[in-house]
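Novice: Residue numbers (this note's numbering): 55 to 162.
Quick one: the structure is below, questions incoming.
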């Protein structure tokens with residue numbers, strides 16, 4: 055088909071650019087949310103998109119467990135490393151039966 059080679063080269067170049075953008079030396083994947091609730095995952099995705107985070111900088115991992123009811127989704131976003139910024143403590147919010155795990159307590 056005419057133009058197929060050009061299209062394949064263009065797609066390969068786009069994949070290479072994306073791989074270089076999220077290379078391990080360029081930054082890290084930071085967990086934003088862990089939940090078993092798909093509605094909560096979609097709501098968090100919607101908030102991140104409204105905040106201007108590109109889809110290419112978000113990743114959804116499905117952590118499969120047995121029984122299936124214990125499977126969870128992990129939403130991560132790619133954070134670019136910036137020179138001179140110290141590592142900061144990042145907590146992951148995780149919805150578990152009976153409350154939130156990984157969230158900091160307000161009681162101290």
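Don't be surprised by glycine CBs; every beta carbon is placed ideally from N, CA and C.
In terms of residue numbering, what span does the beta strand (DSSP E) encompassing residue 109 cover?
Specialist: As a first step, residue 109 is located in the chain shown; it is residue number 55 there, counting from the start. From DSSP, residue 109 is part of no beta strand (DSSP E); its letter is neither H nor E.
Novice: Starting from residue 59, follow the alpha helix (DSSP H) in both directions and report where the run begins and ends.
Specialist: The residue you call residue 59 lines up with position 5 of the chain shown. Counting along the chain, the alpha helix (DSSP H) containing residue 59 begins and ends at 58 to 75.
Novice: By alpha-carbon positions, which one of 58, 87, 66 ends up nearest to residue 114?
Specialist: If you number the chain shown from 1, residue 114 lands on position 60. Closest option to residue 114, Cα to Cα, is 87.
Novice: Check whether the region 60 to 76 touches the region 118 to 128, counting contact only when three or more Cβ pairs, one atom from each stretch, lie closer than 8 Å.
Specialist: With the cut-off at 8 Å, the region 60 to 76 and the region 118 to 128 do not touch.
Novice: Bridge partners for residue 84 per DSSP, in chain order?
Specialist: One-based indexing of the chain shown puts residue 84 at position 30. In the DSSP output, where bridge partners are listed per residue, residue 84 has 131.
Novice: Comparing alpha-carbon positions, which option in 66, 70, 83 lies nearest residue 112?
Specialist: Residue 112 sits at position 58 when you count from the first residue of the chain shown. Checking every option, the nearest Cα to that of residue 112 belongs to 83.
Novice: By the three-class DSSP mapping on this structure, what secondary structure does residue 113 have?
Specialist: Locating residue 113 in the chain shown gives position 59, where the first residue counts as 1. Strand, per DSSP.
Novice: Based on Cα-Cα distance, which residue from 85, 100, 79, 80 lies nearest to residue 131?
Specialist: Translated into positions along the chain shown, residue 131 becomes position 77. The residue with the shortest Cα to Cα distance from residue 131 is 85.
Novice: In this structure, what does DSSP give as the bridge partners for residue 126?
Specialist: Residue numbering aside, residue 126 sits at position 72 when the chain shown is read from its first letter. According to DSSP, residue 126 bridges with 117.
Novice: If you compare alpha carbons, which of 107, 96, 90, 103 is closest to residue 126?
Specialist: As a working note, residue 126 is residue 72 in the chain shown. Closest by alpha carbon: 90.
Novice: Measuring only the C-alpha atoms, how far is residue 160 from residue 65?
Specialist: Taking the first residue of the chain shown as 1, we reach residue 160 at position 106. Taking the first residue of the chain shown as 1, we reach residue 65 at position 11. Unreliable positioning characterises residue 160 in this predicted model, as indicated by a pLDDT of 40, which lies under 50. A coordinate reading is not provided.
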